[in-house]
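For reference, the structure discussed in these notes is given below.
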Amino acid sequence: MQPQPLDKSRFALATATLGGQIVAMFLTWFTTGSRGRSSFEVLDAAIIFSPSYNNVAAMIEAVWLMLPAVAIASLCLWLAGLAKVGRRVVAACITILGITGLVVLLFSGIQVGPAICLALFLTYTAAITALRSRR
């Protein structure tokens, strides 16, 4: 497989989006209530709503905790010249974080972290669509 030239604008957009999403979802979320919230509440919800913690919640926990590492690895693949693989994995990570932000907003109320994550996902999608239509 031959290395492909780096599309700097797409790479910068993906890096900024992933960085913003990971910071927004994994730092403490600000809330207007009296209780602090963190991204690990997603795991708590999986435990509460799952009839069997061992199956569903363990899978969600593993994916959720490995997502930043997978995102960074995919950016490295992209930078190393494996643009096709890197772009697809980056897009999948951005989508997973965006959907997670939407689900948290729907079930836990308005919070800054998930709102930023969802906004970054929508902005990335719009920017990539604009870049593709420009070709």
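So the sequence shown is residues 1451 to 1585, counted in the numbering used here.
Quick reminder that beta carbons are idealized off the backbone N, C-alpha and C, glycines included.
Counting only the Cα atoms, T1545 lies some 10 Å from V1539. If one requires a minimum length of 4 residues, the alpha helix (DSSP H) runs lying completely within the segment 1499-1563 are 1508-1529, 1533-1558, in chain order. If you draw a straight line from the Cα of Q1561 to the Cα of A1580, it is about 29 Å long. L1572 sits exposed, since fewer than 16 C-beta atoms from the chains shown fall within 10 Å of its C-beta. For F1461, the CB contacts under 8 Å within the same chain, skipping 5 residues up- and downstream, are L1525, W1528, L1529 in chain order. Cβ-Cβ distances below 8 Å link M1475 to S1489, L1547, T1550, G1551, G1563, P1564, C1567 in the same chain, with the five nearest sequence neighbours on each side left out; the list follows chain order. Ranked by how close their Cα comes to the Cα of L1515, the residues A1533, L1532, I1472, G1559 have I1472 in first place. Of L1532, I1578, A1533, A1542, the smallest CA-CA separation from V1513 is found for A1542. Exclusion of the five residues before and after L1570 leaves T1467, G1470, Q1471 as the residues of its chain whose Cβ lies within less than 6 Å of its Cβ. Of the candidates T1465, Y1574, S1558, F1557, T1465 places its Cα closest to the Cα of A1523.
Closest option to A1576, judged by alpha-carbon separation, among L1463, L1517, V1553: L1463.
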